[in-house]
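So the first sequence is residues 14 to 859, counted in this note's numbering. Beta carbons: idealized from backbone N, C-alpha and C, even for Gly. Remember, it's a predicted structure, so these values are computed and weren't measured experimentally.
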Amino acid sequence: MSDQTSAPRARLERYDPASIEPRWQARWAELGMHETDLEDTSRPPYYLLTMYDYPSGDIHIGHWYVKTPTDAIGRYHRMLGDNVFMPVGFDAFGLPAENAAVKRGVNPREWTMGNIANMRRQLRLMGAAFDWSAEVVTCEPEYYRWNQWLFLQLLKAGLAYRTSSPVDWCPNDGTLAREQVEGADRRCWRCGARVEKRDLEQWYLGITRYADELLDFSSIDWPEPIRMMQTNWIGRSEGATIDFHTAADEHQPGGDLLRVFTTRPDTLFGATFMVLAPEHPLVASLTHPEQREAVEAYVTRAEGETEIERLSTDREKTGVALGSDAINPINGERIPIWIADYVLATYGTGAIMAVPAHDERDYAFAERYGLPIRRVVAAEGTADGAALDGAYVAHAAGERLVASGPYTGLEADEGGRQITAALAAEGRGEAAVTYRLRDWLVSRQRYWGTPIPIIYCDRCGTVPVPEADLPVRLPDTVDYRGSGENPLARDETFLRVACPSCGGQARRETDTLDTFIDSSWYWFRYLSPEDARQVVVRSMVDRWTPVAQYTGGAEHAVMHLLYSRFFTKAMDDLGIVDQREPFLRLFNQGQVLGADGERMSKSRGNVQDPDELVARYGADTVRLFLFFMGPWDQGGPWNPTGIGGVHRFLNRVWTVALDPEGRDPGDPAEPVADVAAAGRELRIAAHRTLQGATADYEGFRFNTLVAKLMELTNQLMHLRGTAVATTPDWDEAIRLLVLMLAPAAPHIAEELWSRRLAAAGEAWRSVHAERWPTWDEGLVAERTVELPIQINGKLRDRVELPAGLPAAEIEAIVLARPKVVAALGGRQPDKIVHAGGRLVNLVLRD
RNA sequence: GGGCGAGUGGCGGAAUGGCAGACGCGCCGGCCUUAGGAGCCGGUGCCGCGCGAGCGGCGUGUCGGUUCGACCCCGACCUCGCCCACCA
14 MSDQTSAPRA
24 RLERYDPASI
34 EPRWQARWAE
44 LGMHETDLED
54 TSRPPYYLLT
64 MYDYPSGDIH
74 IGHWYVKTPT
84 DAIGRYHRML
94 GDNVFMPVGF
104 DAFGLPAENA
114 AVKRGVNPRE
124 WTMGNIANMR
134 RQLRLMGAAF
144 DWSAEVVTCE
154 PEYYRWNQWL
164 FLQLLKAGLA
174 YRTSSPVDWC
184 PNDGTLAREQ
194 VEGADRRCWR
204 CGARVEKRDL
214 EQWYLGITRY
224 ADELLDFSSI
234 DWPEPIRMMQ
244 TNWIGRSEGA
254 TIDFHTAADE
264 HQPGGDLLRV
274 FTTRPDTLFG
284 ATFMVLAPEH
294 PLVASLTHPE
304 QREAVEAYVT
314 RAEGETEIER
324 LSTDREKTGV
334 ALGSDAINPI
344 NGERIPIWIA
354 DYVLATYGTG
364 AIMAVPAHDE
374 RDYAFAERYG
384 LPIRRVVAAE
394 GTADGAALDG
404 AYVAHAAGER
414 LVASGPYTGL
424 EADEGGRQIT
434 AALAAEGRGE
444 AAVTYRLRDW
454 LVSRQRYWGT
464 PIPIIYCDRC
474 GTVPVPEADL
484 PVRLPDTVDY
494 RGSGENPLAR
504 DETFLRVACP
514 SCGGQARRET
524 DTLDTFIDSS
534 WYWFRYLSPE
544 DARQVVVRSM
554 VDRWTPVAQY
564 TGGAEHAVMH
574 LLYSRFFTKA
584 MDDLGIVDQR
594 EPFLRLFNQG
604 QVLGADGERM
614 SKSRGNVQDP
624 DELVARYGAD
634 TVRLFLFFMG
644 PWDQGGPWNP
654 TGIGGVHRFL
664 NRVWTVALDP
674 EGRDPGDPAE
684 PVADVAAAGR
694 ELRIAAHRTL
704 QGATADYEGF
714 RFNTLVAKLM
724 ELTNQLMHLR
734 GTAVATTPDW
744 DEAIRLLVLM
754 LAPAAPHIAE
764 ELWSRRLAAA
774 GEAWRSVHAE
784 RWPTWDEGLV
794 AERTVELPIQ
804 INGKLRDRVE
814 LPAGLPAAEI
824 EAIVLARPKV
834 VAALGGRQPD
844 KIVHAGGRLV
854 NLVLRD
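Below is the structure:
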């Protein structure tokens, strides 16, 4: 027995990730192992997409937290026999490059490309099976020309249009993004000037046309919270538009249309006043001369208010009466018109009918200004004259309309339908649906983005750039002159252009496209990144998309993930692709926070640099430690204290795989009595681990996966140096362990696999090209069970029994157990519950 | 204010109707050592009883409910996190 051999053994070579990992990474790259043959139809395609990154400069631990489990999924699927495609790229346009340019005078392109080079190097340290041959970098003209082309198709289809809308404007730095406006008094981040609103002509995409379809998630498997957020973001409201008209008075002839949207047409008889947004176009003409001063003051104040002030709930309602009246179309009643900042110009029609009895905001407003409050809906059993001490907004069964003319007595919903129908018959209203979602504003007054391919000609108007002239290139040299203002707008060589239509002198559009355009279709381009003739290759798109699995952060719940769905539907309608949804399955991993529990950021100084950890422990340890932290969708504060435990685990794997017969000082020297039995037990453990590990890979439960592999390794460790370590059972357990570890810790698995093959005299082949093993059902099935025995739900005893005994036999054994006899004290149980052979509960009633 | 999610040992977490605390960190003890901050072996929820194998009680944010049985399902509340926020 090897226990007794006393000849000095060669000391086992140390597990040294620093030498193993670069060697295998180089070998995989040399063999092109991660370059997917997109034409290969012999295996099922599996498009695995992880959100591409903004090239901020450095990869931090958060990038590893998304990408390394994604890599494990890809490697696992490869072992299942799928043709896996896992590309990466860079979302390379955007504000930080411009901020760097304004502040430090560096060229945005150079800054961006430098960051990308560094991040490529860091990404390679993960040992992930990314297909770098398919890389997409969105700031390259080869990519953004297709943004321009897609924009032109959307324009042709009537899905892109231009209209005026306000931006935050700094007199020195031009348009500012929301994050560049600082403080409650709204000052420019760079120069500190007071920020104002300015109206600009800007381009929009018609996403609202798809609002209803975007609410339908039936063909995709996405997490409930994301679907909920998108649903709320789209914000569908059913109701009616109702046309009020202004009443004539001594100062104006009346008859102006005041259209409102309401979700409660049933409460129309309770409308006791109207409220317009201060920005409503009719405000000036409807203002009574005596009210002019107050109204103008109020409008000015509302304009100067911050969004946050205006949207704050606990703030008191304010408003001003215009001095004119409107006529309620249902009963001809005259009601006063007010303006108030709680009505938003951008939602609905910018005007509401106020029903204080049945809307909390209207109630608060009516209370404050002494306006009448008239109940028109009452719950069953409420006296007609019952006083209200707040808005009655409940929607209870059996509530009926009161004080509502011919509709009195109707059930509220039915009354609403009849009122809407009556108005529609007279052309004074109709059933309507409104959305919170607005059309997508895609114009940015910035340099570092995709130039919008439009030319303005005095004679021909707005002329699209001909497709043959694409791309409209960004000029390479850019002079910011220390200001944030868009340098394209003063770059004469860029600006001046001949009109494609008449050949006359014309000007280019100087706005660029929102960078969310880039990410709204990038996964299609990964399939043909270098094709200069067409935006996508249809045969590839048909074979590989929709994406099978998408992974990334939940921070993109409503922007990127909604725009991508919109683009896919629009591209389908344009005949470019043939699918309505981009991503069949979505997984949102959690966020890794800094050790302080805050978001990681350079300014907080709480960023964990993975390179340091890799240098110390190796990439495999870092990967497994991130897997082991907790459930993938949970994230949490960064705390590296446990990383040593994971590293020790890999050391033990190394030891059992390469030195099964070695002993450690301190091992108890107990020879195994029954080697055959111990070997069989080990086999059972290995096969059960395989069954569990397979389920964990399928369910993305990487934390419990690592725990299971640790358990098996610990069991192997205990048998090391015993006679069991020389059996085929041991060998099989090691083989399964290495295969199960391969997707998670690819380098050490590859190293151990190559040594196994060499020891067996076989030619090298990659562990990552092996087939995922199958377990033996017979071994996995339970032969004996340890049955817990409860009395009144409390654990009192356990008994080891063969699996599958009939209930009567189990009862006889259980009732004969000394502990059970003692606990029962001579009584018979009133009831015996058998929980599927997994537990017995004896119930005694008092 | 609304929506979504979470609350389990000293810590990260496991178990999602059936033995609470898998696995790991930390800590305690042992082996091996000139030494151990390496490695290996063992122990470790809390309280009480016992020299001891062990025995008993308590225990998954709080309070109720459903059930033979609840960390798990239902109701109310508390705390924390994220998203949205006067949406007519």
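So, using beta-carbon positions, are P500 and V491 closer together than 9 Å? On the first sequence, residue 500 is found 487 positions in, with the first residue counted as 1. On the first sequence, residue 491 is found 478 positions in, with the first residue counted as 1. Going by C-beta atoms, P500 is nearer than 9 Å to V491.
Between the CA atoms of L722 and I33 - distance to the nearest angstrom: Looking up residue 33 in the first sequence gives position 20. Looking up residue 722 in the first sequence gives position 709. Using only the alpha carbons, I get a separation of about 21 Å.
Rounded C-alpha distance that separates L227 from D234: Translated into positions along the first sequence, residue 227 becomes position 214. Translated into positions along the first sequence, residue 234 becomes position 221. Their Cα atoms are separated by approximately 14 Å.
Separation of P466 from I220, as counted between CA atoms: Mapped onto the first sequence, residue 220 falls at position 207. Mapped onto the first sequence, residue 466 falls at position 453. One C-alpha to the other measures close to 20 Å.
Candidates L93, Y65, G411 and L281: which alpha carbon is nearest K80's? Sequence index remark: in the first sequence, residue 80 carries index 67 (1-based). Checking every option, the nearest Cα to that of K80 belongs to Y65.
Using 10 angstroms around the beta-carbon of T313, count the other beta-carbons present and answer buried if the total reaches 16, otherwise exposed. Taking the first residue of the first sequence as 1, we reach residue 313 at position 300. With a 10 Å radius around the Cβ and a threshold of 16 neighbouring Cβ atoms, T313 comes out exposed.
Do Y67 and P30 have their C-beta atoms closer together than 9 Å? Reading the first sequence from its first residue, position 54 is the one you call residue 67. Reading the first sequence from its first residue, position 17 is the one you call residue 30. In this structure, Y67 sits away from P30, with a CB-CB distance that is not shorter than 9 Å.
Restricting to Cα atoms, I'd like to know which of L828, P542, K844 and Y539 is closest to G838. Looking up residue 838 in the first sequence gives position 825. Selected option, being the one with the closest Cα: L828.
Using a Cβ-Cβ cut-off of 7 Å (strictly less than) and excluding sequence neighbours within five positions of T797, which residues of its own chain qualify? Mapped onto the first sequence, residue 797 falls at position 784. Contacts found: E813, L814, P815 and A816.
Can you look up S19 in the DSSP assignment and give me helix, strand or coil? The residue labelled residue 19 in the question sits at position 6 within the first sequence. The pLDDT assigned to S19 is 36, lower than 50, so where the model puts this residue is not dependable; a value taken from the coordinates is nonetheless given after this. Coil at S19, not helix or strand.
Beta carbon of F638 nearer than 9 Å to that of I656: Along the first sequence, read from residue 1 onward, the residue named residue 638 stands at position 625. Along the first sequence, read from residue 1 onward, the residue named residue 656 stands at position 643. The Cβ-Cβ distance between F638 and I656 falls below 9 Å.
Starting from the Cα of E424, find the closest Cα among A391, A434, L450 and N128 and give me that residue. One-based indexing of the first sequence puts residue 424 at position 411. Put simply, of A391, A434, L450 and N128 the residue whose alpha carbon is nearest the alpha carbon of E424 is A391.
If contact is defined by three or more beta carbon pairs under 8 Å, each pair taking one atom from either stretch, is the region 173–181 in contact with the region 207–225? Judged by Cβ distances under 8 Å, the region 207–225 makes contact with the region 173–181, as three or more pairs qualify.
Should V333 go down as buried or exposed, given a rule of 16 or more other Cβ atoms within 10 Å for buried? The residue given as residue 333 occupies position 320 in the first sequence. Counting Cβ neighbours within 10 Å, V333 comes out buried, since at least 16 surround it.
Should V590 go down as buried or exposed, given a rule of 16 or more other Cβ atoms within 10 Å for buried? On the first sequence, residue 590 is found 577 positions in, with the first residue counted as 1. When all chains shown are included, V590 counts as buried.
Between G658, G140 and R122, which lies nearest to A39 when the distance is taken from Cα to Cα? Taking the first residue of the first sequence as 1, we reach residue 39 at position 26. If we check each option's Cα against that of A39, G140 comes out closest.
Return the Cβ separation of I528 and G462 in integer angstroms, given the expectation that the two are a contact with Cβ distance under 8 Å. As a working mapping, residue 528 is identified with position 515 in the first sequence. As a working mapping, residue 462 is identified with position 449 in the first sequence. Inspection of the sequence shows that residue 528 is occupied by Thr rather than by Ile. Right, the Cβ-Cβ distance comes to about 6 Å (below 8 Å), so this counts as a contact.
Ignore the nearest five residues each way along the sequence and tell me which others in L857's own chain have a CB closer than 8 Å to its CB. Taking the first residue of the first sequence as 1, we reach residue 857 at position 844. In chain order, I804, N805, L837, R840, P842 and D843 place their CB closer than 8 Å to the CB of L857, counting only its own chain and leaving out the 5 sequence neighbours on each side.
Within a Cβ cutoff of 8 Å, which residues of the same chain sit near R222, ignoring the five residues on either side of it in sequence? Here the question's residue 222 lines up with position 209 in the first sequence. Same-chain partners within the cutoff: L172.
Look at the Cβ atom of G248, then the Cβ atom of R578, and state whether they are nearer than 9 Å. Numbered from 1 along the first sequence, position 235 holds the residue referred to as residue 248. Numbered from 1 along the first sequence, position 565 holds the residue referred to as residue 578. Taking C-beta atoms as the reference points, G248 and R578 fail to come closer than 9 Å.
Euclidean distance between Cα positions of L671 and L61: On the first sequence, position 658 is the one that residue 671 refers to. On the first sequence, position 48 is the one that residue 61 refers to. Here the alpha carbon of L671 sits roughly 34 Å from the alpha carbon of L61.
Could you tell me whether the region 502–514 touches the region 543–552, using the rule of 3 or more Cβ pairs below 8 Å? No, because fewer than three Cβ pairs between the region 502–514 and the region 543–552 fall closer than 8 Å, the two stretches do not touch.
Apart from the five residues just before and just after R387, which ones in its own chain have a Cβ nearer than 7 Å to its Cβ? The sequence position of residue 387 within the first sequence is 374, counting from 1. Answer for R387: G283, T285, A370 and A416, listed in chain order.
So, L163 versus W534, is the Cβ gap smaller than 9 Å? One-based indexing of the first sequence puts residue 163 at position 150. One-based indexing of the first sequence puts residue 534 at position 521. In this structure, L163 lies near W534, with their beta-carbon atoms less than 9 Å apart.
Beta-carbon proximity list for R441, same chain, < 8 Å, skipping 5 on both sides: Indexing the first sequence from 1 puts residue 441 at position 428. The beta carbon of R441 sits closer than 8 Å to the beta carbons of I255, D256 and P342 from its chain, once the five residues preceding and following it are set aside; these are given in chain order.
Within a Cβ cutoff of 7 Å, which residues of the same chain sit near V635, ignoring the five residues on either side of it in sequence? Sequence index remark: in the first sequence, residue 635 carries index 622 (1-based). Apart from sequence neighbours up to five positions away, the residues of its chain that approach V635 with a beta-carbon distance below 7 Å are W77, P623, L626 and V627, ordered along the chain.
Between G495, G516, W453 and D452, which has its C-alpha nearest D471's C-alpha? Within the first sequence, residue 471 is the residue found at index 458, counting from 1. The shortest C-alpha separation from D471 is found at G516.
Classify Q518 as buried or exposed, calling it buried when 16 or more other Cβ atoms lie within 10 Å of its own Cβ. Within the first sequence, numbered from 1, the residue matching residue 518 stands at position 505. Within a 10 Å sphere around the beta-carbon of Q518 sit fewer than 16 other beta-carbons, which makes this residue exposed.
Those runs of the alpha helix (DSSP H) which lie wholly inside the region 768–852 and span at least 4 residues: Taking only runs of at least 4 residues, the alpha helix (DSSP H) segments lying wholly in the region 768–852 are 790–793, 820–829 and 831–837.
For H73 and V620, which I take to be in contact (beta-carbon distance under 8 Å), what is that distance rounded to the nearest angstrom? In the first sequence, residue 73 corresponds to position 60, counting from 1. In the first sequence, residue 620 corresponds to position 607, counting from 1. About 5 Å; that satisfies the 8 Å criterion.
Start and end residues, alpha helix (DSSP H) containing A364: Here residue 364 corresponds to residue number 351 of the first sequence, with the count starting at 1. Segment A364 to A367 is the beta strand (DSSP E) holding A364; no alpha helix (DSSP H) there.
If we count the other Cβ atoms within 10 Å of its Cβ and call it buried at 16 or more, is Y28 buried or exposed? Counting from 1 along the first sequence, the entry for residue 28 is found at position 15. With 16 or more Cβ atoms within 10 Å of its Cβ, Y28 is classed as buried.
Taking all protein chains shown into account, do 16 or more other C-beta atoms lie within 10 angstroms of the C-beta of V273, making it buried, or fewer, making it exposed? Position 260 of the first sequence, counted from the start, is the residue given in the question as residue 273. Buried is the label assigned to V273, since at least 16 other Cβ atoms lie within 10 Å of its Cβ.
Please work out which residues of its chain come closer than 8 Å, Cβ to Cβ, to W777, disregarding the five sequence neighbours upstream and downstream, and give them in chain order. By 1-based counting over the first sequence, the position of residue 777 is 764. Scanning its chain for C-beta atoms nearer than 8 Å, with the 5 sequence neighbours on each side dropped, one finds around W777 the residues S767, L770 and A771, in chain order.
Nearest by alpha-carbon distance to E443: which of L792, V751, I432 and E745 is it? Your numbering for residue 443 matches position 430 in the first sequence. Of the listed residues, the one whose Cα sits closest to E443 is I432.
Would you mind stating whether A114 and P121 have Cβ atoms separated by less than 9 Å? Taking the first residue of the first sequence as 1, we reach residue 114 at position 101. Taking the first residue of the first sequence as 1, we reach residue 121 at position 108. The answer is yes: Cβ separation under 9 Å.
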